[in-house]
Amino acid sequence: MSTALITGASSGIGRAFAQELAARNTNLVLVARSADKLHQLTEEIQKNYQIKVEVIVKDLTEPHAAQAVFEATQAKGLSIDLLINNAGFGDYGDFASSDGEKQVKIVQLNILSLVDLTHKFLPLMRQRQSGSIINVSSITAFQPMPYLSVYAASKAFILSFSQALWAENRPYGIRVLVTCPGPIETNFFAEANFPPTLAGNTNQMFTSEEVVQASLKALENWQPSVVIGDVKTQVRTTLARVVPRKILLNMLARSFKSS
Numbered sequence: 003m004s005t006a007l008i009t010g011a012s013s014g015i016g017r018a019f020a021q022e023l024a025a026r027n028t029n030l031v032l033v034a035r036s037a038d039k040l041h042q043l044t045e046e047i048q049k050n051y052q053i054k055v056e057v058i059v060k061d062l063t064e065p066h067a068a069q070a071v072f073e074a075t076q077a078k079g080l081s082i083d084l085l086i087n088n089a090g091f092g093d094y095g096d097f098a099s100s101d102g103e104k105q106v107k108i109v110q111l112n113i114l115s116l117v118d119l120t121h122k123f124l125p126l127m128r129q130r131q132s133g134s135i136i137n138v139s140s141i142t143a144f145q146p147m148p149y150l151s152v153y154a155a156s157k158a159f160i161l162s163f164s165q166a167l168w169a170e171n172r173p174y175g176i177r178v179l180v181t182c183p184g185p186i187e188t189n190f191f192a193e194a195n196f197p198p199t200l201a202g203n204t205n206q207m208f209t210s211e212e213v214v215q216a217s218l219k220a221l222e223n224w225q226p227s228v229v230i231g232d233v234k235t236q237v238r239t240t241l242a243r244v245v246p247r248k249i250l251l252n253m254l255a256r257s258f259k260s261s
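Count along the sequence shown from 1, add 2, and you get the number used in my numbering.
Spelled out as structure tokens, the structure:
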């Protein structure tokens, strides 16, 4: 039986990954900062599935948190077959007047912890010549995003980093996927302080469960990346690559500036 480690497992996409993988008879290592939510999820899963669930309560915005997570898995004798780097957050607003400490935490969580965890577990996968990594990015990775600047830049890093790792590690039998969802039904918009007028219509959003299903299918097919969203989302990501950057940035700045 394989084992998956999921960061940001207490809610949203991370929680959906946990539930789906449990249904696929995969043992779980759940990582998040909320002990109560993790234990609640563990009880829910173990009522329905005969799998092992380990909980690691850790705030990955803290320096060296990834090292602590890795050491915890080693102390428990766990071999991680699937690493899902899902933890992340954003913050809407003008960068110059934003909370600088929060912007640094976005980089710490979205980039540094992801890189650190990947660098810890990937060599072990190479030794076994098997394993998989899913890094959760966003469609914001395909263009700079005024008023969401650090978050979008962090997701662009994840996209580039993950695709490079796909090429480096395929010869070793290791799959690396970066999944880029469009707007989905999570608490992201509220937690990122988006104005209600910009948060979008939840009726037009994909669910976390749909993101998980599409991601696991793409992983099985050895895809380096997958964009998850409706036709409009697919068109937007394509246009972001071909529209002159100055025009694109002016359009985005107007559409994302809060009135």
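Think of the CB as a built atom: it goes at the ideal place given N, C-alpha and C, for glycine as much as any other residue.
Val-55 beta carbon less than 8 Å from that of Leu-23: no
Cβ shell of Met-2 (< 6 Å), same chain only, five flanking positions each side left out: Summary: the structure shown does not reach residue 2, with the chain confined to residues 3 through 261, and so no result is reported for it.
Whole-angstrom distance between Leu-80 and Phe-163, CA atom to CA atom: Whole-angstrom Cα-Cα distance: 26 Å.
Candidates Leu-150, Asn-137, Pro-125, Ala-154, of which the one nearest Gly-175 by Cα: Pro-125
Exposed unless 16 or more other CB atoms sit within 10 angstroms - verdict on Asn-88: buried
Cβ-Cβ distance between Leu-179 and Val-228 below 8 Å: yes
Where Thr-9 sits in the DSSP three-state scheme: strand
Coarse secondary structure for Asn-87, derived from DSSP in three states: In the structure shown, Asn-87 sits in a strand (DSSP, three-state: E or B).
Cβ-based burial, Pro-65 [other Cβ within 10 Å; buried from 16]: It is exposed - the Cβ of Pro-65 has fewer than 16 other Cβ atoms within 10 Å.
Pairwise C-alpha distance: Ile-82 and Thr-5: 5 Å
Test item: CB-CB of Gly-10 and Ala-34 under 8 Å: Cβ atoms of Gly-10 and Ala-34: closer than 8 Å.
Residue span of the beta strand (DSSP E) that contains Val-245, given as start and end: Neither: Val-245 is in no beta strand (DSSP E) and is coded neither H nor E.
Unbroken stretches of the beta strand (DSSP E), 3 residues or longer, contained in the stretch 54-127: 55-59, 84-87, all fully within the stretch 54-127.
Beta-carbon proximity check, Leu-85 vs Leu-161, cutoff 8 Å: no
Bounding residues of the beta strand (DSSP E) (the contiguous stretch that carries Ser-134): 133-138
Per-residue burial, Ser-99 [other beta carbons within 10 Å of its own, 16 or more giving buried]: With fewer than 16 neighbouring CB atoms inside 10 Å of its own CB, Ser-99 falls in the exposed class.
Backbone CA spacing between Val-138 and Ser-210 [nearest angstrom]: Val-138 and Ser-210 have their alpha carbons spaced roughly 12 Å apart.
Own chain partners of Asp-61 with C-beta closer than 7 Å, once the 5 adjacent residues on each side are dropped: Arg-35, Ala-67
Cβ distance (whole Å) where Arg-238 is taken to contact Ile-141 below 8 Å: 7 Å
Residue environment, Phe-19, which counts as buried when at least 16 other CB atoms sit within 10 Å: Classification of Phe-19: buried, given that the 10 Å Cβ count is 16 or more.
Neighbourhood of Phe-72 by C-beta, 6 Å cutoff - its chain only, sequence neighbours within 5 removed: Lys-122
Length of the line joining the Cα atoms of Ile-136 and Leu-111: 16 Å
Beta-carbon gap between Pro-146 and Leu-241 smaller than 8 Å: Not closer than 8 Å, so no.
Closest by C-alpha distance to Gln-21, when choosing among Val-109, Glu-212, Gln-236: Minimum Cα distance to Gln-21 is reached at Glu-212.
Nonlocal neighbours in the same chain, by C-beta distance under 6 Å from Gly-184, ignoring five residues either side: Ile-141, Gly-231, Thr-235
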